[in-house]
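Report on the following structure.
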Amino acid sequence: MCGIAGALSLGRPLGPEDRADVERMGGALVHRGPDGGGLDGDDSCFLANTRLSVTDTGPLAALPMRGRGGAVLLAFNGAVTNFRELRRDLERDGPPFLTGSDAEVLLRLYEDEGMGFLPKLSGMFAFCLYDARAGKVWLARDPFGQRPLFTRVKAGRLHFASEIKSFLELRDFDKRLDAEGLSHFLSLAYIPGASTPFAEVRELGPGRLLEVDLRRERVGERAFFRPDYSPDPTISRAEAAAEVRRLLEGSVRRCLDLDVPVGLSLSGGVDTGILLGILKKLGRSRSTHTFSLRVGDASFDETPFQRTLVEFAQPIHHEVSVSPEAVLEGLKSHMAYLDEPSGDGAAIPMFLLARQAAEHVKVLLSGEGGDEVFLAYETYRAYNARRAYRRALPAPLRRLVREACRRLPVSHDKLSFDFLAKRFSEGAELPVPEAHFFWRHALAEADKTRLMPASAAFPPTSTLFSDLFGRLGFEDESRLAWMDIELYLVGDLMVKNDRMLMAHSLEGRFPYLDKDLFAYAARLPTGHKLRGLQGRLVQKEAARGLVPDSILARSNMGLELPHSRWFQGGLKALAEHHFRRDAVARTGLLDPDAVRALWDEHQSGRRDNGRSLWCVLNLLLWHELFIERGDYKRYWRSSPSPARWTRAAVPT
C-alpha cells in the first residue's frame, strides 16, 4: 500500500512552486508509505509516491517507477493480486524483469498493450501513469473502489491524491463546503459518489479511467469496468459451490503471496470465518495473527463466535476491547485520518484494531465484500419479504400494522424487534429502490431538512438509489447488490477500511472482491445465492467443512457501536459539549434547535436517534478539526517523513 499525489499541467508549464506543492501533498501521506518516498516528473507532470513495501522490499522496486527507456512514469497505490500470472505471460516474449513488484508488471503491460490492459487486473489499486512521448496521463481506480483517488481541477492545474488531506497543502485551496454532499451524508452516514466535503475536490469513481491530454489540455473520463449479472441457468448448485470454493481459495492464496507478515481481521461472521478456515486448510492458521473486537454490550458483541473460530483454527489471537473510554480516546485521531465525516460506527473500532494489528503484521485480510457478492444483507431478504407481505395484506391492513409498529416501545438492542418492525413496515410501502434506501437511512428526509434547512434545495437522497436502479439492466436482486457496491461499499466500507488501516501503515486486502470470483458469482442464478429469507446459500455450501456449522448457521450481525445506550452514559458529556447551540451554529449548516430536539427526543426515550446523533456528532467534530480550527495534524500519530524525495531510476 502506498500514497500517491501529483500535479498535471493544463496550460502553462509546471514550475518550482508546483513541485513544492506536490512535495507537501506527498508529505501528508507518509502514513500510507513510511518505507520510502519518491518524487519525479517534468514541467508537464510531477508525481510523488510514498511506499509501504510488501512485495519486493528492495530498492529497485521503489516508487514512482519508470518504464524501459524512461519515458513512462508510474505512481502506484495498492496491489495487483494476479500480477504473477500476468508476469509469466509477459516473460514468454519479453526481456527479464528487474524487480518482483506488481508496479513493474503494470509498466510492461502498458508498454505492450496501452491502456487496454486494465480489465486484466485483479486486486486493489489506484495509479497515475504518465507517458511523456504521447503527452498523456491516465488516472485509474479499481472496480470496487478499494483504493481511493481524489482530483481537483483549478487554475490550469489538475491535482490528484490518495487522500483529501493532501489538497489542504495546496497554496490556493478553497475550503468551501459541498453542501449537497453533506446533505446526503446526513441521510446515509457517508458521502456518496464523486462528492467530498469540499466543493473543489472530487472522487474518481470505481472502475473509472481519467485520460488527460496534456497537449490539448483536455480531460476525459470513462468506465473500464461494467458488471455482468447475466445469470447462467445451466450451473447447478453443487457445481457452483465447488467453483466458488476453488476461486475463493485461489484469491486467498494470491493475497498471501507477500514478503511480509499477513494477519486477519476476525469478526466472528461467515465471511471472515471462511477466510480463517481456508488459512487452516493451507496450514497457515497457527502462524497467522487474528484480531477481533470485543464490544461491552451483549447485543452488539460477537466474542462467543470469534472464540469458536479461534478454538477451531488455533491462530495467534488478539482481542481489542471497545468501550466508551476507548472511543473518547480515539475519536479525534480517527477523524483526523478519515478526512471526511463518517457515521459508520465501525470506523473507530477499526482504528483501534488496526493500531494493535500494526504491531504484529503489515497486511490484514478482511471479509469485506462477501455480503454484496453473495446477497447476504438483511435488506435483500427484506426485498423478498416485502413482495410476500404486500401480496398477503391489502393496503388498509398494512396501514394498521404500521400504526401498531409505531407504538412499539423503544429498545436500544442491536437490530431490536421494534427497530426492524418500524423500518420494514414503513419501507414496504415504497418502490423497490426507495425501500432499499429507507431500510438503510440514518435520517429521514423530513428530519434532515429540519436539521439542515439548505438540504431542501437538493434532490432527495433516495433519488441516488432510484436513478441508479433505473439505469441497471439486471434482475432486481442483482441491481440492489450493485447499488450497494457502487454506493455503500465504495462510499462507506472502503473509506473506513482504507483510512483506518492506513492511519497505522497497514494494508488491507479483500479476497471476496477478486475479479474472477466476483465475475463467477455475478453469473450464478439468483436462487443459488438468495431464496426467501435465506442468503449466501452457495457460499455456505462451498464452506462446508472449512468452518464449524455453528458459524454457518448464525445470522448476519455487522459491526456497530451501541451509540444509543452510550449517548445516555459514557458519551453523554461529549455529546452535550458538541451539541451546544454555539458549536452547532458555527457550522453554518445545522439548525441548533433541530439538533437539540433530536437529542432531547433520544434522552427522553421517545425515539431511538442514536445513529442520527452519531452522524451529527461526527460532522461537528470534522468541522471543528478541518474548518474551524484546522488543527487536524495535531491528532496524527507520530510518523517520520522520508529523509528525502528520491528520483525514479531509468531502467535500460
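Numbering follows my numbering, with no gaps: position 418 of the sequence shown is 976.
Positions of the beta carbon are idealized from the N, C-alpha and C atoms, including for glycine.
Bear in mind that the values here come from a model prediction, so they are computed numbers and not experimental data.
Since residue i and residue j should fall inside the 8 Å C-beta cutoff, what is the C-beta to C-beta distance between them, to a whole number of angstroms?
| i | j | result |
| --- | --- | --- |
| Arg729 | Phe756 | Arg729 to Phe756, Cβ: 16 Å. No contact. |
| Ala1133 | Leu1183 | Contact flag wrong, Cβ pair sits at about 17 Å. |
| Gly901 | Arg1169 | 7 Å |
| Ala1224 | Leu1045 | Limits of the chain in this structure are 559 at one end and 1210 at the other, which puts residue 1224 out of reach. |
Could you tell me whether the Cβ of residue i comes closer than 8 Å to any Cβ of chain B?
| i | result |
| --- | --- |
| Phe858 | Absent from the structure is chain B; it holds one protein chain and no more. |
In the DSSP output, which residue or residues are listed as bridge partners for residue i?
| i | result |
| --- | --- |
| Lys712 | Arg715 |
| Gln1092 | Arg1089 |
| Tyr688 | Leu631, Val695 |
| Arg624 | Leu631 |
| Leu951 | None, per the DSSP bridge assignment. |
| Gly636 | Phe683 |
| Ser823 | Phe849 |
| Cys560 | Arg609 |
| Pro778 | Looking at the sequence shown, residue 778 is not Pro but Gly. Paired residue(s): Glu769. |
| Thr861 | Answer is none; Thr861 lacks a bridge partner. |
| Val919 | Paired residue(s): none; Val919 is not in a bridge. |
| Glu761 | Phe708 |
From residue i to residue j, what does the alpha carbon distance come to, in whole angstroms?
| i | j | result |
| --- | --- | --- |
| Ala586 | Leu605 | 14 Å |
| Asp1140 | Gly1146 | 11 Å |
| Glu721 | Arg705 | 10 Å |
| Ala752 | Arg760 | 5 Å |
| Ser611 | Thr846 | 19 Å |
| Arg1217 | Pro1017 | This structure leaves residue 1217 out entirely; the chain is present only between 559 and 1210. |
| Trp1194 | Glu727 | 15 Å |
| Ala1201 | Thr608 | Because Ala1201 sits at a pLDDT of 44, beneath the cut-off of 50, its placement in the model cannot be relied upon, and the following sentence gives the value as read from the coordinates. Taking the straight line from one Cα to the other gives about 12 Å. |
| Pro1198 | Leu911 | Confidence in Pro1198 is poor, its pLDDT being 48 and thus under 50, which makes the residue's placement too unreliable to answer from. |
| Ala962 | Glu930 | 32 Å |
| Thr1084 | Lys920 | 37 Å |
| Phe685 | Arg964 | 50 Å |
| Leu1148 | Leu1009 | 6 Å |
| Phe683 | Val638 | 7 Å |
| Val1208 | Gly658 | 17 Å |
| His1160 | Gly763 | 37 Å |
| Lys925 | Ala713 | It is worth fixing the name first, because residue 925 is Gly in this sequence and not Lys. Going by the C-alpha atoms only, they are around 42 Å apart. |
| Met1041 | Pro574 | 44 Å |
| Phe708 | Asp786 | 27 Å |
| Pro967 | Trp1124 | 19 Å |
| Pro952 | Val820 | 55 Å |
| Leu1059 | Lys890 | 16 Å |
| Pro571 | Met583 | 19 Å |
| Val990 | Phe718 | 37 Å |
| Gly927 | Ala690 | 37 Å |
| Gly985 | Phe995 | 9 Å |
| Arg784 | Arg1081 | 13 Å |
| Ala1206 | Leu597 | 7 Å |
| Arg520 | Ser741 | Any answer about residue 520 is impossible in this case: the structure gives the chain only from 559 up to 1210. |
In the structure shown, what three-state DSSP assignment does residue i receive?
| i | result |
| --- | --- |
| Leu566 | strand |
| Glu575 | helix |
| Asp600 | coil |
| Gly1066 | strand |
| Phe702 | coil |
| Pro592 | strand |
| Gly928 | helix |
| Ser983 | helix |
| Gly1049 | helix |
| Phe849 | strand |
| Leu644 | helix |
| Ala1215 | Residue 1215 lies beyond the stretch modelled for the chain, which goes from 559 to 1210, so this question has no answer here. |
| Phe1125 | coil |
| Phe756 | strand |
| His994 | helix |
| Val1105 | strand |
| His876 | strand |
| Thr1084 | helix |
| Leu707 | coil |
| Arg913 | helix |
| Leu735 | strand |
| Thr1204 | strand |
| Tyr935 | coil |
Indicate, with yes or no, if the ligand HEM has a heavy atom lying under 7 Å from the CB of residue i.
| i | result |
| --- | --- |
| Leu707 | The model on display carries no ligand, and the ligand HEM is accordingly not part of it. |
| said: Counting beta carbon pairs with one atom in the stretch 1048 to 1057 and one in the stretch 937 to 945, are three or more of them shorter than 8 Å? | reply: no
| query | Do three or more CB pairs link the stretch 560 to 570 to the stretch 625 to 641 at distances below 8 Å? | reply | yes
| Given 8 Å as the limit, is there contact between the stretch 691 to 706 and the stretch 1052 to 1071, that is, 3 or more CB pairs closer than that? | At 8 Å Cβ cutoff, the stretches touch.
| message | Would the stretch 808 to 827 count as touching the stretch 1082 to 1102 if we require 3 or more Cβ pairs under 8 Å? | response | Flag = no, the stretch 808 to 827 and the stretch 1082 to 1102 do not touch.
| task | Evaluate contact between the stretch 639 to 646 and the stretch 663 to 670, counting only Cβ atoms and requiring at least three cross-stretch pairs below 8 Å. | result | yes
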